[in-house]
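Everything on this sheet refers to the single structure shown next.
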Amino acid sequence: MNKKIGVYICHCGGNISDYVDVEKVKESIETDEGVFLAKTTMFACGDANQKEMVDDIKKNELDGVVVASCSPKLHLLTFRAVTERAGLNKYNYVHANIREQASWAHSDDKPGATETAIHLVKAAIAKVRLAEPLYPFIINSKKAVAVIGGGIAGLRAAIELADMGCPVTIIEREHFVGGRVAQWDVLFTTNETGKEVVTKLYNEVIRHDNIKLLTGAEVISNTGSIGDFTMKIKVTPRYIKEKCNEGHLLKAIAVCPVDVPDEFNFNITGRKAIYHNFPSEYPQTPVIDIKNCTRCGECEKICPSVDFSQKEEILEINVGSVLMATGFDSYTPADGEFGYNQFENVITLPQFKRIIDLNDKKLIFRGKEINKIAYIYCVGSRQIDGENKYCSRYCCTSVIYAAMQAKHKFNEINNYHFNRGIRTYGKQEVLYAESLKGGDIYLQSYEDAPPTVEQHNDKITIRINDILTAKKEMSVEADLVVLVTGMVPRADNSVASLFKLPKGRDKFFNEIHMKLRPVETVIDGITICGACQGPKNIMESVNSALSAAIKSFSYVSKGELELEPIIAKIDKDLCTWSGTCAEACPFDAIKMVKDEKKDVAAINNSVCKGCGMCLPVCPSNAINLIAYSDNEIESMIDALAG
Amino acid sequence: MADIGKKTARILVFSTEKISDPAIDMAGLLKLHYPPTVYTISIPCSSGVKTRWILRAFEKGFDGVFIAADGSDCPYGESCTEKTGKIISRTQEQMKKLDIEPARLRMAAICSVCSDSFVKQMKSFNEYLLKNSNI
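Those sequence lines, one after another, are chains F and S.
Under the working numbering, the first residue of the first sequence carries the number 1, and numbering increases by one thereafter.
Under the working numbering, the first residue of the second sequence carries the number 643, and numbering increases by one thereafter.
Structure follows, in structure tokens:
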């Protein structure tokens, strides 16, 4: 308790001292209990001051330090490092934010700003008086990473991890890799097809000794925490032997009597129960969709590779980190939304892209040639009444490129774009310019007056009050209406609940900080990337995949890990085990244990995230959060009230 | 310009490090002014505020306590809003027993970019406290 505290009050050039009388702040606190030295400094973060602080701490054997300066978001870690360099435990440092929360917030009231600053510094001194040295927990970390999802983000992340010498298991729910990208034909800027991009990645994956690829695989349970996740994985067989005769297989596919909607083509075509999505798809062995197979036996008669004796397997793997790359679903419009499921020739953008890929020379849909195409933008994104408030980012570029592809590939195509403002950001803007130059027509409305779709005698009419022509009513008779649907989170995101992964208000997985910690989650050891985190194009997905790979590797590379010591702590004497703390904990970090004669709560240190949700529900006030204890918070309250 | 020297209510804000702290910092950055007698204590999550801390603030002379809740942005889980709401209800029951007006405790979700919203909340809370409480 008898601390020797050093307090440094920063001018921040004039950012603070132009409004806060820093000398008055110093005078007001220098006689506070425990304050051994108090100084003002022009730039606390400057090298000279940092060196002076190190010297002060060493020379005077200070055991508590406060810097009153800018937001801790900028320099908390800087000053913690200073205290460490001086041999002082970094948790004996407390930061006071007198710039954003005093000088700038009250730049219209200099005496008021000074008083605020004095109180904030006094509160920091009160806290540091009670601060105790804390030490990170050291735990072992298994050098292996599980990548959940074998789409472009998952494959790219896995290759990066494997290149760094880390064993990786890719767990892909589908029987084929490539995710959404495998479904796309030619991609903008590179003119490669999605299939070609996936092939490149797949070839790298299979040559790597460090990568194990599981397809038809789902995580069914997870226990443990950072450094030591143990997962059970259910692997569904393909029911076809690995080395099989292509000719026999094609015949087997041909005789299969089953016809189910083909999800690869977004249900615009059908497929058999024995199938592969396209000839060069990876892994190249086809699959029998056992749920829809009637077991008629026709395929077995023709193809000796069919093997119904294959059994489902349950594998167990142990990894130090998990990288989530589970991707997205395309928005499915509601029945009647712009005529969807109401009029025959109203389809979604992903369906349109498949139709372009599947047709040759003429664009045929439902037996009729298509010439005039209307595209209605922002369907399922930027909703006014619905929950999807976000922009899906990729769709403006994707639809303009698809419209241009249709024009290049087929004759006499006319494109009409009913949009709410085109967002072909960055380098993609050249595509928009090219589209305009090519004669595509753009009509625009605000969100409160979207276009309408009507059908009369086989003709679909789209009307809009076009704001680019003073809200004049325009109408187009189209052969096909393409709803430019955005991205939504996977309908089946059950894997997230196995890892207790938080979701944001948009229901995509949530990062800790959008800008500063964009691939980390509050579940230590689990990183996120690609479109499971929110709408992204391919380039953005791969960028985030590479970041997540590096972050996941950092958790496992040394074989051991340091964990933050800010966790809940149980006072066993006070605890009478009500169970309310365990109910309140979102991470299952609290369990009941026997302690001599009574039941008490125990915290699992490597699972507790330090949120504090268990604190206020304890009827006997037996829980404190380290560094936010009753004594510390109440001493700050007292100082602020003084 | 502020009315320098004019009495303002003393408000203690429990703010969260990852969500509302950035909004309050940005309010300063944008020089969106609010009463200088608003003080912030940072905690990890608004669902972790203890009733005794709030009562301590009133006991020590704060006119109002404001919880800048994480709301649906809470990185620790979706139950945060509900849990913070329960803390408010429980504490307001205690306040009634202690003859402290329950309206002196407020909560609102303040997202990481909700600087305007934070400043509006502080101004209206200040006005309310000056008008309706014996301060």
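Ideal placement from N, C-alpha and C gives every residue a C-beta, glycine not left out.
- With the rule of 3 Cβ pairs closer than 8 angstroms, the segment 561 to 581 of chain F does not count as touching the segment 539 to 548 of chain F.
- Looking only at F:285, F:364, F:212, F:392, the smallest Cα-Cα distance to residue 329 (chain F) is reached by F:392.
- Your pair residue 158 (chain F) and residue 205 (chain F) checks out as a contact, with CB atoms roughly 6 angstroms apart and the cut at 8 angstroms.
- One finds 502, 586 in chain F with Cβ atoms closer than 7 angstroms to the Cβ of residue 719 (chain S), taken in chain order.
- Within its own chain, the residues whose Cβ lies closer than 7 angstroms to the Cβ of residue 160 (chain F), once the five positions on either side in sequence are excluded, are 546, 549, listed in chain order.
- For the C-beta of residue 654 (chain S), the chain F residues within less than 7 angstroms are, from N- to C-terminus, 637, 640.
- Judged by pairs of C-beta atoms under 8 angstroms, the segment 99 to 110 of chain F touches the segment 662 to 679 of chain S, as three or more such pairs exist.
- Secondary structure in the segment 398 to 463 of chain F: the alpha helix (DSSP H) runs of 4 residues or longer, each lying completely within the stretch, are 429 to 437 in chain order.
- DSSP places residue 473 (chain F) in the uninterrupted beta strand (DSSP E) bounded by 472 to 478.
- Proximity to residue 528 (chain F) across F:536, F:307, F:511 peaks at F:511, based on C-alpha coordinates.
- For residue 363 (chain F), there is no enclosing beta strand (DSSP E), since its DSSP letter is neither H nor E.
- Buried is the label assigned to residue 123 (chain F), since at least 16 other Cβ atoms lie within 10 Å of its Cβ.
- Closer than 8 angstroms to the CB of residue 723 (chain S) there is not a single CB belonging to chain F.
- Considering only F:82, F:268, F:274, F:311, the residue with the shortest C-alpha distance to residue 364 (chain F) is F:268.
- DSSP, read as helix, strand or coil, puts residue 572 (chain F) in coil.
- In this structure, residue 723 (chain S) keeps its C-beta atom at 8 angstroms or more from the C-beta atom of residue 731 (chain S).
- Leaving aside the five residues that flank residue 680 (chain S) on each side, the residues in its chain whose CB is nearer than 7 angstroms to its CB run, in chain order, 653, 655, 764.
- Annotated three-state conformation of residue 289 (chain F) is coil, per DSSP.
- Check the Cα spacing between residue 173 (chain F) and each of F:147, F:167, F:196, F:163: the tightest is with F:147.
- Beta-bridge pairing by DSSP links residue 560 (chain F) to F:140.
- If you look at residue 267 (chain F), you'll find it isn't in any beta strand (DSSP E); DSSP assigns it neither H nor E.
- In this structure, residue 201 (chain F) keeps its C-beta atom at 8 angstroms or more from the C-beta atom of residue 193 (chain F).
- For the segment 59 to 75 of chain F, the set of residues with a beta-carbon nearer than 7 angstroms to any beta-carbon of chain S comprises 71, 73, in chain order.
- For residue 112 (chain F), the enclosing alpha helix (DSSP H) starts and ends at 110 to 130.
- Pairing residue 626 (chain F) with residue 536 (chain F) gives a Cβ-Cβ distance that is not under 8 angstroms.
- Looking only at F:314, F:301, F:253, the smallest Cα-Cα distance to residue 231 (chain F) is reached by F:314.
- Residues of chain F whose Cβ lies closer than 9 angstroms to the Cβ of residue 664 (chain S) are, in chain order, 71, 73, 513.
- Straight across, the Cα-Cα distance linking residue 383 (chain F) with residue 754 (chain S) is about 22 angstroms.
- Checking the DSSP bridge columns, you'll see residue 95 (chain F) partnered with F:67.
- For residue 94 (chain F), the closest of F:256, F:309, F:132 by C-alpha to C-alpha distance is F:132.
- Identification of residues in the segment 686 to 709 of chain S having a C-beta nearer than 8 angstroms to some C-beta of chain F yields 686, 687, 689, 690, 691, 692, 693, 694, 695, 698, 699, 702, 703, 704, given in sequence order.
- The beta carbons of residue 121 (chain F) and residue 82 (chain F) sit no closer together than 8 angstroms.
- For residue 751 (chain S), no chain F residue has a C-beta closer than 9 angstroms to its own C-beta; the minimum C-beta separation is roughly 10 angstroms.
- With respect to the 8 angstroms criterion, residue 581 (chain F) and residue 590 (chain F) are classified as neighbours on the basis of their beta carbons.
- Three or more beta-carbon pairs drawn from the segment 445 to 465 of chain F and the segment 333 to 345 of chain F are found closer than 8 angstroms, and the two stretches are therefore classed as touching.
- Take the alpha-carbon of residue 598 (chain F) and the one of residue 119 (chain F): they are about 44 angstroms apart.
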